[in-house]
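Below is one structure; the comments refer to it alone.
2 protein chains.
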Amino acid sequence: MGGDSGPGVVVAALARSVLRHPAARFLLHGDEATLKPLLAKRPKLGPKVEIRHAPEQVRMEDKPSTVLRRGRNTSMWHAIASVKAGEAEVAVSAGNTGALMAMSMFQLGVLDGISRPAIASIWPTKRGQSIVLDVGANISSDSDQLVDFAVMGEAFARAILGLERPSVGLLNVGSEDVKGHDAVKAAAHILRGASLPIEFRGFVEGDDIAEGTVDVVVTDGFSGNIALKTAEGTAKLVVTYLRGALNRSLFGRLGGFIAAGALKALRRKLDPRASNGGIFLGLNGIVVKSHGGTDAIGFASALDMAIDMARSGVIRRIIADRANLISAMPEAAAS
Amino acid sequence: MGGDSGPGVVVAALARSVLRHPAARFLLHGDEATLKPLLAKRPKLGPKVEIRHAPEQVRMEDKPSTVLRRGRNTSMWHAIASVKAGEAEVAVSAGNTGALMAMSMFQLGVLDGISRPAIASIWPTKRGQSIVLDVGANISSDSDQLVDFAVMGEAFARAILGLERPSVGLLNVGSEDVKGHDAVKAAAHILRGASLPIEFRGFVEGDDIAEGTVDVVVTDGFSGNIALKTAEGTAKLVVTYLRGALNRSLFGRLGGFIAAGALKALRRKLDPRASNGGIFLGLNGIVVKSHGGTDAIGFASALDMAIDMARSGVIRRIIADRANLISAMPEAAAS
Numbered sequence: 000m001g002g003d004s005g006p007g008v009v010v011a012a013l014a015r016s017v018l019r020h021p022a023a024r025f026l027l028h029g030d031e032a033t034l035k036p037l038l039a040k041r042p043k044l045g046p047k048v049e050i051r052h053a054p055e056q057v058r059m060e061d062k063p064s065t066v067l068r069r070g071r072n073t074s075m076w077h078a079i080a081s082v083k084a085g086e087a088e089v090a091v092s093a094g095n096t097g098a099l100m101a102m103s104m105f106q107l108g109v110l111d112g113i114s115r116p117a118i119a120s121i122w123p124t125k126r127g128q129s130i131v132l133d134v135g136a137n138i139s140s141d142s143d144q145l146v147d148f149a150v151m152g153e154a155f156a157r158a159i160l161g162l163e164r165p166s167v168g169l170l171n172v173g174s175e176d177v178k179g180h181d182a183v184k185a186a187a188h189i190l191r192g193a194s195l196p197i198e199f200r201g202f203v204e205g206d207d208i209a210e211g212t213v214d215v216v217v218t219d220g221f222s223g224n225i226a227l228k229t230a231e232g233t234a235k236l237v238v239t240y241l242r243g244a245l246n247r248s249l250f251g252r253l254g255g256f257i258a259a260g261a262l263k264a265l266r267r268k269l270d271p272r273a274s275n276g277g278i279f280l281g282l283n284g285i286v287v288k289s290h291g292g293t294d295a296i297g298f299a300s301a302l303d304m305a306i307d308m309a310r311s312g313v314i315r316r317i318i319a320d321r322a323n324l325i326s327a328m329p330e331a332a333a334s
Numbered sequence: 000m001g002g003d004s005g006p007g008v009v010v011a012a013l014a015r016s017v018l019r020h021p022a023a024r025f026l027l028h029g030d031e032a033t034l035k036p037l038l039a040k041r042p043k044l045g046p047k048v049e050i051r052h053a054p055e056q057v058r059m060e061d062k063p064s065t066v067l068r069r070g071r072n073t074s075m076w077h078a079i080a081s082v083k084a085g086e087a088e089v090a091v092s093a094g095n096t097g098a099l100m101a102m103s104m105f106q107l108g109v110l111d112g113i114s115r116p117a118i119a120s121i122w123p124t125k126r127g128q129s130i131v132l133d134v135g136a137n138i139s140s141d142s143d144q145l146v147d148f149a150v151m152g153e154a155f156a157r158a159i160l161g162l163e164r165p166s167v168g169l170l171n172v173g174s175e176d177v178k179g180h181d182a183v184k185a186a187a188h189i190l191r192g193a194s195l196p197i198e199f200r201g202f203v204e205g206d207d208i209a210e211g212t213v214d215v216v217v218t219d220g221f222s223g224n225i226a227l228k229t230a231e232g233t234a235k236l237v238v239t240y241l242r243g244a245l246n247r248s249l250f251g252r253l254g255g256f257i258a259a260g261a262l263k264a265l266r267r268k269l270d271p272r273a274s275n276g277g278i279f280l281g282l283n284g285i286v287v288k289s290h291g292g293t294d295a296i297g298f299a300s301a302l303d304m305a306i307d308m309a310r311s312g313v314i315r316r317i318i319a320d321r322a323n324l325i326s327a328m329p330e331a332a333a334s
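Below, the structure is given as structure tokens:
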């Protein structure tokens with residue numbers, strides 16, 4: 000439990016989260032002998048956190064197929080089981096993504112009519128925030144899956160970003176109709192179907208994500224994951240360049256000193272921990288994946304996102320939207 | 000000619016380039032009636048630029064198949080033909096990428112043993128510069144093509160970045176061996192072959208590009224193009240955030256004013272025009288694609304890159320490396 004960083008990070012994150020969400024209650028799955036002393040140090044957590052003993056844990060190198068067969072005593076399995084049993088509204092984990100998805104699909108099941116779940120990410124843009132999915136649940140996606148992602152992403156944007164009619168774009172290597180591989184072209188054809196209840200804007204390119212051209216960017220998990228990590232790397236690089244540029248001259252250092260508050264605000268805004276969490280969409284239950292290497296601040300952000308998700312009714316919306324889609328265009332979308 | 004921006008941009012770029020490369024000579028393909036008055040205004044260009052009349056031009060919306068059949072009178076066709084004829088060492092265009100690649104393949108031919116050309120991009124990193132390819136020549140790539148890209152990228156890094164033994168990584172959604180789709184896994188298997196003369200470091204992720212983890216990042220054209228444009232968009236977004244953060248407070252504005260020189264240096268460093276140009280690798284000739292919407296500064300950077308390429312002997316290196324690769328591992332790589 001706790002991904003690369005261990006249970007200490009999770010307990011420290013809980014301590015932050017209870018301040019922000021006084022009504023929330025937590026089930027903490029893991030090794031009781033490890034967790035008890037950690038909780039004992041934080042008496043305010045006591046009434047809000049219940050430890051559920053799980054003797055084993057999924058390791059980062061475990062294969063999804065292995066954990067499905069032999070992982071029933073792990074904290075990850077137990078956490079998802081508590082959602083399945085209705086004891087918890089949402090499960091949060093910083094562990095092995097592949098294992099988390101496999102266990103989630105196995106225990107919670109995939110929503111009726113959705114072929115594959117996706118991981119959605121909330122992305123900062125010039126206009127505010129956009130949703131990008133899939134950022135890593137799937138290695139490749141056919142056109143029906145991309146259409147499913149569009150439906151789920153659109154419902155998610157309404158539930159989480161509070162938009163009435165989110166715009167949706169398909170990520171491609173050009174905005175012209177002739178560009179791209181067969182799956183994106185076929186998905187665009189389905190989404191352009193006149194009677195669909197989706198504000199589909201066609202193809203968008205990589206730079207449109209940060210531009211905020213559309214509210215929901217749909218892509219396969221391979222390209223989406225590469226885009227997400229490339230953006231994270233680029234933001235870090237620019238901050239490194241900024242620091243270097245300011246340190247190179249006396250005026251730079253002086254200006255940087257005077258503008259320290261503004262630069263700190265910038266760093267906070269770019270801090271990947273502030274929007275830490277990929278949301279598994281398309282399951283009969285909510286699962287949030289925190290970044291594996293995060294700290295208490297980052298894991299607390301994942302908890303925030305999980306609590307938002309639980310309150311949003313996003314699963315009901317996805318089910319309703321999918322039903323609308325099928326009734327609007329039965330011959331193409333009903334797979 | 001001149002992409003979205005027209006011949007005025009190209010002529011202004013030539014005026015910059017002749018100052019930096021006094022020995023270079025240019026063939027300018029396009030409509031003589033348009034080009035003559037533009038050149039007449041810049042008498043210093045006169046002795047170094049020769050106009051070659053081409054009555055037509057490829058439009059941005061033209062399909063590659065169409066221009067191959069009906070584009071023989073275009074400036075793009077003529078520019079590539081002049082490389083084929085040995086009159087020019089390299090062709091530069093800001094036009095339609097698909098048309099430029101199709102015409103280049105048709106006229107120049109693909110290097111023996113290379114299955115598909117790729118577009119290489121020079122990418123700023125924390126350590127300096129890396130090569131990323133393919134950034135858009137192909138929509139999907141099988142394992143043999145990815146191996147070809149590795150060979151070409153490695154030769155390119157030695158020729159252009161001056162590295163003796165560039166390291167090579169395959170872009171994937173995780174660094175573990177089990178991750179990714181079949182093509183990247185099979186390509187990794189071939190590249191790991193012990194006797195290959197390539198410093199192959201295995202899988203890298205999106206954030207490794209800006210980190211400079213390896214000198215050459217190999218990927219398919221779909222993911223590569225999305226990564227490139229996502230990075231451009233992210234860098235622009237961070238600069239927008241920086242401007243916003245500084246303008247929001249008096250201290251921010253004051254600090255920004257004092258550090259103006261440093262911030263200007265940062266903007267110059269991030270200016271995509273400074274490294275403008277995708278290099279077509281794998282052809283019997285050199286073709287450089289400038290960004291379509293660029294200005295004279297950007298197009299002049301593409302000319303710089305073209306001149307560097309012409310001097311580097313990169314094609315000879317690729318041919319030699321490919322031959323080494325085949326002799327080192329005939330059963331897997333010789334396709």
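Chains as they are written, first to last, in numbering that gives the first Met the number 0: chain A, 0 to 334; chain B, 0 to 334.
Glycine is no exception: its CB is placed at the ideal position from the N, C-alpha and C atoms.
All values reported here derive from a predicted model rather than from experimental measurement.
{"Item": "Interface partners of N275 of chain B on chain A, CB under 7 Å", "Value": "The contacting residues do not exist; N275 of chain B stays about 15 Å from chain A at best."}
{"Item": "First and last residue of the uninterrupted beta strand (DSSP E) at V109 of chain B", "Value": "Run containing V109 of chain B: none; DSSP gives neither H nor E here."}
{"Item": "Runs of beta strand (DSSP E) wholly within the segment 84-138 of chain B (minimum 3 residues, chain order)", "Value": "89-92, 117-123, 128-132"}
{"Item": "Residue environment, R157 of chain A, which counts as buried when at least 16 other CB atoms sit within 10 Å", "Value": "buried"}
{"Item": "8 Å contact criterion, which S311 of chain A and N275 of chain A should meet: CB distance rounded", "Value": "Not confirmed; about 18 Å, so no contact."}
{"Item": "CA-to-CA distance, V215 of chain B to H291 of chain B, given in whole angstroms", "Value": "Per the sequence shown, residue 291 of chain B should be read as Gly rather than His. Answer to the nearest angstrom: the Cα atoms are 25 Å apart."}
{"Item": "Those runs of the alpha helix (DSSP H) which lie wholly inside the segment 259-328 of chain A and span at least 4 residues", "Value": "259-269, 295-311, 313-327"}
{"Item": "Beta-carbon proximity of A93 of chain B to T73 of chain B, cut-off 8 Å", "Value": "no"}
{"Item": "Sequence ranges, alpha helix (DSSP H) only - wholly within the segment 192-242 of chain B, length at least 4", "Value": "205-210"}
{"Item": "As assigned by DSSP and simplified to three states, the class of L26 of chain A", "Value": "strand"}
{"Item": "Per DSSP, the bridge partner or partners of V48 of chain B", "Value": "B:F25"}
{"Item": "Chain A contact for D214 of chain B (CB, 8 Å cutoff)", "Value": "no"}
{"Item": "Span of the beta strand (DSSP E), counted from its first residue to its last, around S166 of chain A", "Value": "166-170"}
{"Item": "Limits of the alpha helix (DSSP H) - the one that K184 of chain B falls within", "Value": "181-190"}
{"Item": "Length of the line joining the Cα atoms of D61 of chain A and M102 of chain A", "Value": "12 Å"}
{"Item": "Any chain A beta carbon closer than 8 Å to N224 of chain B", "Value": "yes"}
{"Item": "Enclosing alpha helix (DSSP H) for P36 of chain B [first to last residue]", "Value": "31-39"}
{"Item": "Interfacial residues, the segment 126-144 of chain A to chain B, with Cβ spacing under 7 Å", "Value": "G135, I138, S139"}
{"Item": "Closer than 8 Å to chain B by CB, E210 of chain A", "Value": "yes"}
{"Item": "Where G45 of chain B falls, given that 16 or more other Cβ within 10 Å makes a residue buried", "Value": "exposed"}
{"Item": "Spatial neighbours of H20 of chain B in its chain, beta-carbon cut-off 6 Å, leaving aside the 5 residues before and after", "Value": "I306"}
{"Item": "Straight-line gap, A343 of chain B to G173 of chain A (C-alpha atoms, nearest Å)", "Value": "Lying before the first or after the last residue shown, residue 343 of chain B is absent from chain B, which here runs from 0 to 334."}
{"Item": "With 16 other Cβ atoms within 10 Å as the buried cut-off, status of S64 of chain B", "Value": "exposed"}
{"Item": "Bounding residues of the alpha helix (DSSP H) (the contiguous stretch that carries G161 of chain B)", "Value": "Taken as a continuous stretch (DSSP letters only), G161 of chain B belongs to no alpha helix (DSSP H), as it is neither H nor E."}
{"Item": "Backbone CA spacing between A333 of chain B and A295 of chain B [nearest angstrom]", "Value": "For A333 of chain B, the pLDDT reaches just 42, beneath the cut-off of 50, and the residue's location in the model is therefore unreliable, leaving the point undetermined."}
{"Item": "Same chain only: Cβ atoms within 8 Å of L34 of chain B, ignoring 5 sequence neighbours per side", "Value": "P6, V10, L27, I50"}
{"Item": "Helix, strand or coil at E55 of chain B [DSSP, three-state]", "Value": "strand"}
{"Item": "A264 of chain B and F250 of chain A closer than 8 Å at C-beta", "Value": "no"}
{"Item": "Spatial neighbours of T212 of chain A in its chain, beta-carbon cut-off 6 Å, leaving aside the 5 residues before and after", "Value": "V203"}
{"Item": "Contact list for S120 of chain A against chain B, beta-carbon separation under 9 Å", "Value": "Those do not exist, as S120 of chain A stays about 12 Å from chain B at its closest Cβ, beyond 9 Å."}
{"Item": "First through last residue of the alpha helix (DSSP H) which encompasses S64 of chain B", "Value": "63-69"}
{"Item": "Sequence-distant residues of its chain with Cβ nearer than 6 Å to A90 of chain B (five each side left out)", "Value": "A78, I79, V82, V286"}
{"Item": "Cβ-based contacts, 9 Å cut-off: residues of the segment 280-293 of chain B near chain A", "Value": "none"}
{"Item": "Beta-carbon spacing of G205 of chain A, D133 of chain A below 8 Å", "Value": "no"}
{"Item": "Chain B residues whose Cβ lies nearer than 7 Å to that of T233 of chain A", "Value": "A209, A230, T233, A234"}
{"Item": "Where P329 of chain B falls, given that 16 or more other Cβ within 10 Å makes a residue buried", "Value": "In this predicted model, P329 of chain B has a pLDDT of only 48, less than 50, meaning its place in the structure is not dependable; the value taken from the coordinates is given anyway. Exposed."}
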